[in-house]
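Below is one structure; the comments refer to it alone.
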Amino acid sequence: MSTVPVIYSPPVQRQSIPWSGRLLALGIALAALTVLVIGVTLKPAPAGVGTHRAMGFHQCDFLARTGLPCPSCGMTTSFAHFVRGQWPASLYVQPMGFVLALACGGVFWAGVYMALTASPLHRLVRQVPAVPAIMTILGFAIAAWAWKMFIHLKGIGGWQ
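FYI, the numbering for the sequence shown is 1 to 160, going by this note's numbering.
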């Protein structure tokens with residue numbers, strides 16, 4: 001005689017995260033908001049690179065030595081355009097910067113939601129297959145860098 005296998009069923013009671021998790025979610029939300037607020041305080045560089053210099057950072061050594069933008073060149077400029085609602089400019093200047101700025105906005109709202117409601121949204125993230133997601137993000141980052149090099153070498157790297 002065979003037995004019926006036990007089938008996993010999710011708990012029926014409402015799941016909630018403890019106060020420590022809620023505070024962590026709030027901290028992550030505030031960190032994402034801080035990045036976006038910094039973008040508001042910066043004026044996007046017309047050349048498409050160099051906005052970070054307004055924060056006191058040095059010029060990109062990779063760009064200075066090779067004449068080619070590094071993978072993160074234009075990210076700060078892209079964020080500065082993004083927070084002003086200039087999404088086409090943000091996407092044009094550095095596509096990966098646009099995606100990261102969009103992710104910062106999503107992380108902010110998800111963190112606030114988790115902190116206020118104690119709902120564990122991280123269970124949703126586990127539904128995304130890790131390897132394909134990482135490969136897609138990496139592929140997009142490489143394509144964004146290639147785009148940045150292309151517009152830089154053609155002399156059309158800025159957004160007027």
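C-beta atoms are modelled at their ideal positions from N, C-alpha and C, and glycine is treated no differently. In this text the structure is predicted, and so the values were computed from the model without any measurement.
If I measure Cβ to Cβ from Leu68 and keep anything under 6 Å in the same chain, skipping five residues before and after, which residues do I get? So the list reads Met149, once near-sequence residues are dropped.
Got a sec, what are the start and stop residues for the alpha helix (DSSP H) Val22 sits in? First, the amino acid is wrong: residue 22 is Arg here, not Val. Element bounds for Arg22: Trp19 to Thr41.
What residue range does the alpha helix (DSSP H) around His122 cover? His122 to Val125
Reduced DSSP category for Trp147 - H, G, I as helix; E, B as strand; rest coil: helix
Please look up how many angstroms separate the CB atoms of Pro71 and Trp147, rounded, as I've assumed it's under 8 Å. With a Cβ gap of about 11 Å, Pro71 and Trp147 do not count as contacting.
Pull up the distance between the alpha-carbon of Ala133 and that of Ile156, whole angstroms please. Roughly 31 Å between the two C-alpha positions.
Which of helix, strand or coil DSSP assigns to Ile156: Annotated three-state conformation of Ile156 is coil, per DSSP.
Taking a contact to mean a Cβ-Cβ separation below 7 Å, would you say Thr66 touches Ala45 in this structure? no
Given a cut-off of 7 Å on the beta-carbon distance, is the pair Met75 and Gln94 in contact? A contact, by the Cβ cut-off of 7 Å.
Does the beta-carbon distance from Phe108 to Leu33 come in below 7 Å? Cβ distance < 7 Å, so Phe108 and Leu33 count as in contact.
Compare the Cα-Cα distances from Ala143 to each of Val99, Phe79 and Trp87 and report the closest residue. A check of alpha carbon separations from Ala143 across Val99, Phe79 and Trp87 identifies Val99 as the nearest.
Who are the near neighbours of Ala54 in its chain, counting only those whose CB is closer than 6 Å to its CB and skipping five residues on each side? Leu42
With Phe79 as the anchor, note down where its alpha helix (DSSP H) starts and where it stops. Met75 to Val83
Under a Cβ-count criterion, where at least 16 other Cβ atoms within 10 Å of its own Cβ denotes burial, should Ala101 be classed as buried or exposed? buried
Take Ala29 and list the residues in its own chain whose beta-carbon comes closer than 6 Å to its own, dropping the five residues that flank it on each side. Apart from the 5 residues on each side of it in sequence, Ala29 sits with its Cβ closer than 6 Å to the Cβ of Phe108, Gly111 and Val112 in its chain, given in chain order.
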